[in-house]
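Residues in the sequence shown are numbered consecutively from 26, following the numbering used here. Think of the CB as a built atom: it goes at the ideal place given N, C-alpha and C, for glycine as much as any other residue. A short worksheet on the structure shown next.
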Amino acid sequence: MQKRSYYNRLTRLLYQTWEYQYQVNEAGLVTEEVWNIYDQPAAKLIRTDTSRMKYSY
Numbered sequence: 026m027q028k029r030s031y032y033n034r035l036t037r038l039l040y041q042t043w044e045y046q047y048q049v050n051e052a053g054l055v056t057e058e059v060w061n062i063y064d065q066p067a068a069k070l071i072r073t074d075t076s077r078m079k080y081s082y
């Protein structure tokens, strides 16, 4: 999982966190990406999405 945090430039307070998860196939190619966006500081999930990739060999 990878995580990205966003801060307000004026107050330097955390306001959003994005988390990414990836699934890969046997060839090491990404087949699915899931991301969640959390509103901070309550850690409330405000958006989620899934992308699926297919490859031709």
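| Neighbourhood of ILE71 by C-beta distance below 6 Å, restricted to the same chain and skipping five residues each side | Counted from its first residue, the sequence shown places residue 71 at position 46. Excluding sequence neighbours, ILE71 sits near ILE62 and ASP64.
| field | Secondary structure of TYR80, DSSP reduced to three states | value | Sequence index remark: in the sequence shown, residue 80 carries index 55 (1-based). Here TYR80 sits in coil by DSSP.
| message | If I follow the unbroken beta strand (DSSP E) through ARG29, where does it start and stop? | response | One-based indexing of the sequence shown puts residue 29 at position 4. First-last of the beta strand (DSSP E) with ARG29: 27-32.
| task | Below 7 Å CB to CB, which residues in the same chain sit around PRO66 once its five sequence neighbours on both sides are set aside? | result | Here residue 66 is taken as the residue at index 41 of the sequence shown, counted from 1. Answer for PRO66: LEU39, listed in chain order.
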